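Below: one structure, written as structure tokens.
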Amino acid sequence: MEVLEEKEVEQTAEDLNSLNISDSLQDSETKVSGEEDSVSNDVPGFDWSSIDTSLLPSSYKTNSRQEKNLLLIADHFSQQYTHVCPDRKPLFLHPVNECGVEKFVSTTLRPTLLPYPELYHWSGCASFVSNYLTMEPLKCPITLPSSLFSPTTILKYQRGNCFDFTVLLCSLLIGAGYDAYCVHGYATREICTLDQTQDLCPLLRKPQEVVMKKSSKYRVKILAEPQSKFELQQKAKKKEEAEDVQKKEEEEEVVTELQEKPKRDPLHGLRVHAWVLVLSGKRKVPETFFINPFTGNSHNTTDECFLGIESIWNHRNYWVNMQDCRKGCKDLSFDLSDAFCWEIMLPEINKLLIESSKRDMDDVKKNEERYISFEMPLSWVARIHVSYRQFENQYSQGKKVILYKQAKLEKWAPYVNGDGLVERLTVYGDLGCTEVVTVTEWFKHREDMLDMRETNKQTQLTTDYFKPGHPLLLKAHTYTSLEPETGHTMEFYHKARADDLRKRVESATEMTEYFVGRDDFLHIRHVEFGERENRTDIAGTRPDVHLRPIVQIKECFHRNPEKPADEDVEERIFMVEDDNIQLTYHLEDHDTIASKVAFFRAIQRDRKGDEIFLTRDTCVKYQPWSSEKHKNVLHLYKLLWELRKEQKELKNQVRESEAEVLNVLKVREDEEANIKLTVSMYNAAKREQQHEALVGSCQHSF
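Shown next, in the form of structure tokens:
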């Protein structure tokens with residue numbers, strides 16, 4: 001196609017002055033949508049024609065000389081396009097803005113880098129746009145919109161159609177350094193109407209495991225073992241039965257899929273949609289991909305949800321797709337320099353500059369410079385500004401609900417809920433979403449460092465997960481009730497504990513503790529409790545008043561390489577009530593049976609109560625040891641004396657563990673009863689609200 005050349009567009013001094021209108025807005029004009037509070041997007045019967053445009057800058061209401069020339073070029077391009085491709089739909093070139101003025105779509109983009117770290121990555125930009133704006137469907141699903149408002153107005157009213165979403169998101173992505181483009185094309189009904197009820201929730205998707213197969217060039221051939229014919233017949237029968245069961249299950253799955261599958265869309269392939277294209281290269285993007293602005297999710301360019309592309313544009317140019325889209329977008333080439341695939345509106349001319357090297361005159365460096373025959377005017381849109389309060393409170397009225405297949409995801413802005421709840425995922429067991437299976441909640445700014453809570457509604461089992469920093473070093477807590485002895489599993493940040501305790505599992509009859517990295521190589525301690533003697537005491541008496549009797553203490557140790565195996569204990573069991581002690585030692589590499597020592601009621605006292613008697617009847621040992629000292633009775637006597645001392649210490653440690661469990665439950669009960677949220681020292685607005693609330697409460701008390 002031919003377009004007007006640069007010589008046909010003459011620029012006067014007035015034109016050059018008009019070019020600075022948009023640029024001067026950064027300093028002189030009002031920051032549209034930034035300083036003003038966002039209008040509620042849930043106003044019933046909201047009418048875009050009733051919005052106030054009197055305070056908008058002059059660039060919104062008039063066109064500069066260069067913008068008018070650009071509109072002429074666009075009209076000429078559209079005429080040539082219609083002549084060459086009479087069967088194709090009209091292009092989306094210069095719709096009117098909120099002031100009724102025609103503006104070229106490329107100039108509606110305003111590349112902006114906002115001062116928030118989350119918006120430096122594409123996922124943060126896409127998430128912000130999809131959360132902050134409310135989706136409005138196109139007036140007619142198969143025709144282009146007649147208007148395209150500025151990103152500042154869209155931010156102000158927090159609502160827009162797919163083209164409004166796309167322009168805002170593309171402006172943020174280009175500002176963040178991505179090679180991003182707005183796309184005008186066609187998509188499925190689910191994409192265009194933001195229907196995700198047939199999609200699996202992204203939080204429920206399991207990451208694909210990559211299995212590395214090691215191929216060996218040299219393999220040993222293993223001879224087949226002889227098999228019984230009868231056994232083979234039985235296996236074949238079982239296989240046939242299993243196949244029959246599998247066929248029935250597959251048939252049932254097909255029936256359910258047919259029931260779940262939505263009805264055929266009569267407008268399939270005709271529904272107009274806009275989304276974002278991100279090309280590989282810049283910002284180390286490895287592959288070209290799409291972004292659906294409604295959801296903020298990325299899609300492969302071969303995704304069947306996207307059915308075709310008419311045109312794309314960025315802030316510098318406009319391209320028309322000349323490729324066949326009968327198979328969707330999976331076969332499209334996104335090499336914009338290929339003139340057979342993409343027809344460009346403002347052609348780029350390559351000019352080669354040859355520079356001679358001073359060191360070697362034979363080496364020639366060729367640098368390619370690109371310049372456009374007609375330079376795209378600067379954006380007419382005022383500076384995009386998002387205040388910290390707007391960025392923090394991204395959801396309409398503080399909440400957003402997304403329905404997925406057998407799941408519901410709810411999102412809240414921080415500090416909206418008094419308990420710090422910001423996200424909740426409810427999973428259902430049926431398609432009607434009536435039977436709740438699990439509920440997962442995420443929290444922010446909790447003083448008790450609570451991060452996530454999982455609740456199984458069928459087993460009533462709840463698991464709390466904590467960030468590092470809890471005063472009791474809690475990492476996770478699984479329970480059905482905060483009452484003692486009702487079954488608790490507590491995980492700790494063991495590196496911050498002096499005893500290296502990683503996990504403790506406690507119930508009414510037993511307690512198991514798991515350790516990591518201890519100097520004494522202890523890794524498991526299991527305690528069994530008996531029933532209390534006085535079961536019919538005063539109602540409401542706490543369990544710590546009458547301690548549970550300790551029946552048995554079992555400890556397991558890892559191998560200590562500095563000790564010989566016949567002196568390194570692997571397991572020791574203290575039968576407290578029976579007054580028995582059993583020791584099991586580690587094995588040497590060549591041993592098959594472990595050495596053991598057992599003391600049965602070995603402690604006996606004379607009339608004075610000072611002596612300990614050790615006899616053959618009270619000590620049983622199996623000692624396949626080479627060392628002679630283990631056969632010495634004096635050695636066993638000293639060993640027994642040490643074990644008795646350690647048993648007393650162990651009983652005290654068990655009581656301390658019981659007390660710690662009770663303390664954790666009491667602290668957690670108090671934290672849940674009096675939930676407190678922390679406020680960052682950098683959040684000035686929130687700290688000011690907190691201060692006003694504190695002053696108000698003090699005045700009320702007086």
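In full-length UniProt numbering, the protein residues as written are 1 to 702.
Idealized CB from N, CA, C, for every residue including glycine.
In this text, all values refer to a predicted model and were calculated from it rather than measured experimentally.
Go ahead and pull the three-state DSSP assignment for residue 122.
Reduced to three states, the DSSP call for residue 122 is helix.
Closer than 7 Å by C-beta to residue 676: which residues in its own chain qualify, once you throw out the five before and the five after it? Chain order, please.
Once the five neighbours on either side are set aside, the close Cβ partners of residue 676 are 447.
If you reduce the DSSP assignment to three classes, tell me which class residue 64 lands in.
Correct three-state label for residue 64: coil.
Can you check the segment 499 to 582 for any beta strand (DSSP E) of at least 3 residues that lies completely inside it and give the ranges in chain order?
For the segment 499 to 582, whole beta strand (DSSP E) runs of length 3 or above, ordered along the chain, are 501 to 506, 510 to 515, 522 to 529, 550 to 557 and 569 to 575.
Rounded to whole angstroms, what is the Cα-Cα separation between residue 382 and residue 172?
For residue 382 and residue 172, the distance between alpha carbons rounds to 14 Å.
Under 7 Å Cβ to Cβ from residue 560, same chain only, skipping five residues before and after it: list those, please.
Here the set comprises 521 and 568.
Would you tell me roughly how many angstroms separate the C-alpha atoms of residue 402 and residue 412, rounded to the nearest one?
If you take the alpha carbons of residue 402 and residue 412, they lie about 12 Å apart.
Reducing DSSP to helix, strand and coil, say where residue 107 ends up.
It is helical.
Throw me the rounded Cβ distance for the residue 428 and residue 197 pair, which I believe falls under 8 Å.
Contact doesn't hold; Cβ gap of about 12 Å is too wide.
Closest by CA to residue 56, which one among 652, 305, 239 and 380?
Residue 380 is the option with its Cα nearest to residue 56.
On the three-state DSSP scale, how would you describe residue 238?
Here residue 238 sits in helix by DSSP.
Suppose you measure from the CA of residue 434 to the CA of residue 407; what does that come to, to the nearest Å?
Looking at the two C-alpha atoms, the distance is approximately 10 Å.
Report the residue from 71, 328, 442 and 59 whose alpha carbon sits nearest the alpha carbon of residue 270.
Of 71, 328, 442 and 59, the residue nearest in Cα terms is 328.
How should residue 710 be labelled, buried or exposed, when 16 other C-beta atoms within 10 angstroms of its C-beta is the threshold for buried?
The shown model of the chain, from 1 to 702, leaves out residue 710, and the question about it has no answer.
Roughly how far, in whole angstroms, is the beta-carbon of residue 182 from the beta-carbon of residue 166, given that I think they are within contact range, below 8 Å?
5 Å between Cβ atoms; contact.
Taking buried to mean at least 16 other C-beta atoms within 10 Å of its own C-beta, is residue 66 buried or exposed?
The residue in question, residue 66, is buried, as its Cβ has 16 or more Cβ neighbours within 10 Å.
Let me make sure I understand the geometry here. Which of 76, 116 and 47 has the alpha-carbon closest to that of residue 159?
Nearest of 76, 116 and 47 to residue 159, Cα basis: 47.
When DSSP builds the beta bridges, which residues end up paired with residue 344?
Residue 344 is bridged to 319.
Pull up the DSSP beta-bridge partners for residue 300, would you.
Paired residue(s): 289.
If you follow the beta strand (DSSP E) that residue 181 is in, where does it begin and where does it stop?
That run of the beta strand (DSSP E) goes 180 to 187.
Is it buried or exposed, residue 70, if we count other Cβ atoms within 10 angstroms and call 16 or more buried?
The residue is buried, with at least 16 neighbouring Cβ atoms inside 10 Å.
What residue does the beta strand (DSSP E) around residue 308 start on, and which one ends it?
Its beta strand (DSSP E) spans residues 306 to 313.
Tell me the rounded alpha-carbon separation between residue 573 and residue 528.
Each residue's Cα considered, the two are about 11 Å apart.
Return the residue from the list 587, 644, 593 and 594 that minimises the CA-CA distance to residue 600.
It is 644 whose Cα lies nearest to the Cα of residue 600.
Thinking residue 105 and residue 313 are a contact (beta carbons under 8 Å), I'd like their distance in whole angstroms, please.
Correct: roughly 5 Å between the Cβ atoms.
What separation, rounded to the nearest whole angstrom, lies between the Cα atoms of residue 515 and residue 247?
Each residue's Cα considered, the two are about 48 Å apart.
Where does the unbroken beta strand (DSSP E) through residue 489 begin, and where does it stop?
Taken as a continuous stretch (DSSP letters only), the beta strand (DSSP E) holding residue 489 covers 488 to 492.
By alpha-carbon positions, which one of 508, 462 and 500 ends up nearest to residue 523?
That would be 500, whose Cα lies nearest to the Cα of residue 523.
Which residues in the same chain have their Cβ closer than 8 Å to the Cβ of residue 190, if we skip the five residues on either side of it in sequence?
Only 196, 198, 199, 262 and 305 meet the Cβ criterion.
Report the three-state DSSP secondary structure of residue 451 (helix, strand or coil).
Of the three classes helix, strand and coil, the one that applies to residue 451 here is strand, per DSSP.
Along the alpha helix (DSSP H) that carries residue 673, what are the first and last residues, could you check?
Run containing residue 673: 633 to 673, per the alpha helix (DSSP H) assignment.
Check each candidate in 309, 503 and 116 and name the one with the smallest Cα separation from residue 526.
Among 309, 503 and 116, the Cα nearest to that of residue 526 belongs to 503.
Determine the extent of the beta strand (DSSP E) in which residue 409 is found, giving its start and end residues.
407 to 412 is the extent of the beta strand (DSSP E) around residue 409.
Under 8 Å Cβ to Cβ from residue 125, same chain only, skipping five residues before and after it: list those, please.
The residues are 119, 169, 172, 173 and 176.
To which residues of the same chain is residue 92 closer than 7 Å at the C-beta, ignoring the five residues directly before and after it?
Once the five neighbours on either side are set aside, the close Cβ partners of residue 92 are 105, 144, 184 and 311.
Count the other CB atoms within 10 Å of the CB of residue 593; is the residue buried (16 or more) or exposed (fewer)?
Result: exposed.
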